[in-house]
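Shown next, in structure tokens, is the structure this report addresses.
Protein chains: 2
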Amino acid sequence: MGEHGIEQGVTAAQGFAAAAVQCGIKEGSTKPDLTVVLSDRPANVAAVFTQNRAAAAPVILSRERANNGRATAVVANSGNANACTGPQGLQDARDMSAAVAQRFGLSDDDVLVLSTGVIGVPLPMPKILHGIDRLEPSADAGLDFAHAIMTTDTRQKVYAVEREIGGVNVRIGGAAKGSGMIHPNMATLLGVITTDAQVEPQFLHSSLKSAVDLTFNMISIDGDTSTNDAVLVLANGAAGGTLIGEGTAGAELFSRALLDVCTTLAKEIVRDGEGAHCLIEIRVTGAHSGSDARQIARSISASALVKTAVFGADPNWGRVLCAAGYSGGELDPDRATLHLDDICLLRLGTGMPYDRSRATELLRQPLVTFSLDLGLGDGAAVAWGCDMSYDYVRINAEYTT
Amino acid sequence: MGEHGIEQGVTAAQGFAAAAVQCGIKEGSTKPDLTVVLSDRPANVAAVFTQNRAAAAPVILSRERANNGRATAVVANSGNANACTGPQGLQDARDMSAAVAQRFGLSDDDVLVLSTGVIGVPLPMPKILHGIDRLEPSADAGLDFAHAIMTTDTRQKVYAVEREIGGVNVRIGGAAKGSGMIHPNMATLLGVITTDAQVEPQFLHSSLKSAVDLTFNMISIDGDTSTNDAVLVLANGAAGGTLIGEGTAGAELFSRALLDVCTTLAKEIVRDGEGAHCLIEIRVTGAHSGSDARQIARSISASALVKTAVFGADPNWGRVLCAAGYSGGELDPDRATLHLDDICLLRLGTGMPYDRSRATELLRQPLVTFSLDLGLGDGAAVAWGCDMSYDYVRINAEYTT
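These protein sequences, in sequence, are chains D and A. Each number in the numbering used here comes from the position in the first sequence (counting from 1) with 657 added on. Each number in the numbering used here comes from the position in the second sequence (counting from 1) with 657 added on.
Set out below in structure tokens:
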């Protein structure tokens, strides 16, 4: 492990290197906008993509390739989503991957492509191809990768963990980008995770799917995804150890570690939501079912009225219950109990007296927690959102121009 | 007809009178907040209510009573939604209706109740009961009714039409309140419509349901309704003429006139959306089905990214296609053609060159029209939204306090 810094995210695990350059995709921007992460050997890959019917060209290409279960490199650009770009867009995504394959001695099929940025504008391919020629991978460039995929994000989002699994130390690390309000229909979410664990492809996929459902999907409403959303994990096995698969000794540990990485990255995305001042955690218990709990938690976290109330430090708990009420999940207001942190606002349908100035104070903290018990069953879920401020409007009104 | 002004909305039709007082429900407010509209004879009634599971007490009460098909009066208050107020809330709604019944010599069941405002706070019943005592109905108070139901609305919304149906002149008029961004989960929508036509109760209901689906439901996403949304129509038959019912000569004319009233009121609500500068009309054609067209049109009109792009006068058409893509309706980007007014932005999946400064100019007009043809079938729909500005955040961050 040695020289690899765990703080590097996608290059924390052994055998992974990254590189990033600024190739000028977005006029006037000086940040790096083209990046690659690659493994020194073929890796197993699992991926989850947007359900949007206008899926971007790189999504169409990468979805097909990830289905093979193997990949060696991921190339990503920001500043242009290569979405709604027709047949030319698909060709451009292929050409991007071919250029990366050629530069690093891989076959085209080993390269996945991710893009994020403005929709409907053709990729400036000469700039991108020239940029690919200049990529010089190193194990210290994980933060550069995280920087290059940013759009309106204000900071890099990286995280990695180290665990002893199957007799060896393995690392799982990743980078993510969010920006946007994330929900209901906001900016692209990208997550790239790498690990040096040896993981059987099908198990890698089911682990990722479970983790994404509890994390990235709890900050982004199903079906309300951007044209480019993608989360993927590459497992290159460089740490050695026994193969991790369904039912093996290390399975549980690996899944939990992957969930840790996804949880941290997902919460970082929300914390850095456009114009956000705080992270709002919505804890739902006592729901009729687990899926009801998820629906209700997400509905509350996505409510513009809840988000603006928190921004205004206004303990307007009616908006929380209203959002629960239209979520589609079962709700009986007379059985509902709601807390803001440790302040009980509502008990079994009746509003409670509370210290308003303390509630206001709690709403001004960096983490605001609402706990809603529905009193109907055992379903539980947690979702995350952020407050909604003037800056959200400013950022999104000025995005392309 | 004579003395009745058609500009009075709910009192445009014969036999209807209204009254409004300021009873002080919301501290510091000086606008009228309690109002009644009543017919000089029993009327047939049809109503459509919120699907929210946390339906407010007045909704629970009025839904039950409207099922009888008869009503004589509607009492409404603003400043307090009487929602999430438990058994006491239901008792308060009953007491409100009983006081109105007593004051005007009606039976309790003849009185429907509507409330809008803050959720989770008990109604100040002494103030309301005292207010009811002071109501003095007149045929010239339709605008007062419209004023009294406003919350953050900036102006009254009233409209009425006069048509010759079945050999007599009939009027259909109404008042509405919206405020909020209307979607995805915004403030209460109330619509009260009165007519002096003689209309058979079942036909009245099916006419209202059809009109609401094409109008109020195209500015408010199904399931994403507030705790208090309600649209109702009272038909007192004071104009005489033959009974209008399914299959009768006047049926079509009546339905079309009711649709006119609902369309105008719905568009007025959007135009007066919190912080709105313009009305955005989304016209979808060529959809796989009518329901796909509706889903897609509403998804686009509700997209915060589309709304902020219009506010920023940014012809970012990718956001329009993205919102269509996650709507759940069928979409093939390569068959999609999009116009902003008469400017073609996208033809069969390919972005078109266009005059950017003219597009920007069009986005600054009071009416912004996007027309999306999906090239898949015959489904068509129209939805309305408004842009999203800093003021939206300000209004909603400051609402209760």
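The C-beta atom is built at its ideal place from N, Cα and C for all residues, glycine as well.
Query: Whole angstroms is fine: what's the gap from D:A833's alpha carbon to D:I901's?; Result: 25 Å
Query: If you measure beta-carbon to beta-carbon, which residues of the segment 815-832 of chain A are closer than 7 Å to chain D?; Result: none
Query: Rounded to whole angstroms, what is the Cα-Cα separation between A:C1043 and A:L1029?; Result: 17 Å
Query: What residue from D:L786, D:L771, D:P744, D:A728 has the CA that sits closest to D:A756's CA?; Result: D:L786
Query: Entirely within the segment 776-839 of chain A and at least 3 residues each: give me those beta strand (DSSP E) ranges in chain order.; Result: 814-822, 825-834
Query: Starting from D:Y1011, find everything on chain A with Cβ-Cβ shorter than 9 Å and list it in chain order.; Result: Chain A residues near D:Y1011: none, gap ~12 Å exceeds 9 Å.
Query: Do you know offhand how far D:V731's Cα is from D:V768's?; Result: 6 Å
Query: Taking A:D1035 as the reference, give the member of A:F1027, A:R1021, A:G943 with the closest Cα.; Result: A:G943
Query: Looking only at C-alpha atoms, which of A:T852, A:V702, A:H945 sits nearest to A:A993?; Result: A:H945
Query: DSSP state of A:P689, grouped into three classes?; Result: coil
Query: Within 8 Å (strictly less), CB to CB, does D:W1041 reach chain A?; Result: no
Query: Using a C-beta to C-beta distance shorter than 9 Å, which residues of chain A count as neighbours of D:L978?; Result: A711, A740, C741, I776, G777, T884
Query: Residues of the segment 990-1006 of chain D with a CB closer than 9 Å to any CB of chain A: list them in chain order, please.; Result: P990, D991, A993, L1002, L1003, L1005, G1006
Query: Per DSSP, D:C741 is paired with what?; Result: The partner list for D:C741 (beta bridge, DSSP) is empty, contrary to what the question assumes.
Query: For A:V869 versus A:I939, is the C-beta spacing smaller than 8 Å?; Result: no
Query: Are there three or more Cβ pairs, one per stretch, closer than 8 Å when the segment 688-695 of chain D is compared with the segment 786-795 of chain D?; Result: yes
Query: Assign A:T884 to one of three DSSP states: helix, strand, or coil.; Result: coil
Query: Considering D:D917, what are the terminal residues of the alpha helix (DSSP H) in which it resides?; Result: 908-928
Query: Between A:D749, A:P990, A:V678, A:N893, which lies nearest to A:I829 when the distance is taken from Cα to Cα?; Result: A:N893
Query: With DSSP collapsed to three states, give me the class of A:T899.; Result: coil
Query: By the 10 Å Cβ neighbour count, where 16 or more other Cβ atoms means buried, how is D:A703 classified, buried or exposed?; Result: buried
Query: Quick check on the burial criterion: 16 or more other C-beta atoms within 10 angstroms. Buried or exposed for A:M843?; Result: Only weak support is given to the placement of A:M843: the predicted model assigns it a pLDDT of 46, under 50, and the question is left unresolved by the model.
Query: On the CB-based measure, 16 or more other CB atoms within 10 Å of its CB, does D:S948 come out buried or exposed?; Result: exposed
Query: Do A:V888 and A:G930 count as a contact pair if the criterion is CB distance below 8 Å?; Result: no
Query: What do you get for A:M1045, buried or exposed, if any count of 16 or more other CB atoms within 10 angstroms of its CB means buried?; Result: buried
Query: DSSP three-state label for A:H862, please.; Result: helix
Query: Quick check on DSSP: helix, strand or coil for D:T852?; Result: strand
Query: Run through DSSP, which three-state label would D:D998 get?; Result: coil
Query: Closer than 8 Å is the cut-off here; do at least three beta carbon pairs connect the segment 676-695 of chain D with the segment 857-864 of chain D?; Result: no
Query: When you compare only the Cα positions, how much space is there between D:D752 and D:I717?; Result: 14 Å
Query: Quick check: what's the CA-CA separation for D:H840 versus D:L936?; Result: Only weak support exists for where D:H840 lies, its pLDDT of 44 falling under 50; the value from the coordinates is given anyway. Cα-Cα distance, rounded: 14 Å.
Query: Determine, using beta carbons only, whether A:I839 comes closer than 8 Å to chain D.; Result: Legend: pLDDT at A:I839 = 47, less than 50; position of this residue unreliable, value from coordinates given subsequently. Chain D, which has no Cβ nearer than 8 Å to the Cβ of A:I839, makes this no.
Query: Using the three-state DSSP reduction, which class does A:G774 fall into: helix, strand or coil?; Result: strand
Query: Quick one: what does DSSP say D:T942 is sitting in, helix, strand or coil?; Result: strand
Query: Tell me whether D:P764 is buried or exposed, calling it buried when 16 or more other Cβ atoms sit within 10 Å of its Cβ.; Result: For clarity, residue 764 of chain D is Ser in the given sequence; the question names Pro instead. With fewer than 16 other Cβ atoms within 10 Å, it is exposed.
Query: Could you give the distance in angstroms between the alpha-carbon of A:T921 and the alpha-carbon of A:I876?; Result: 12 Å
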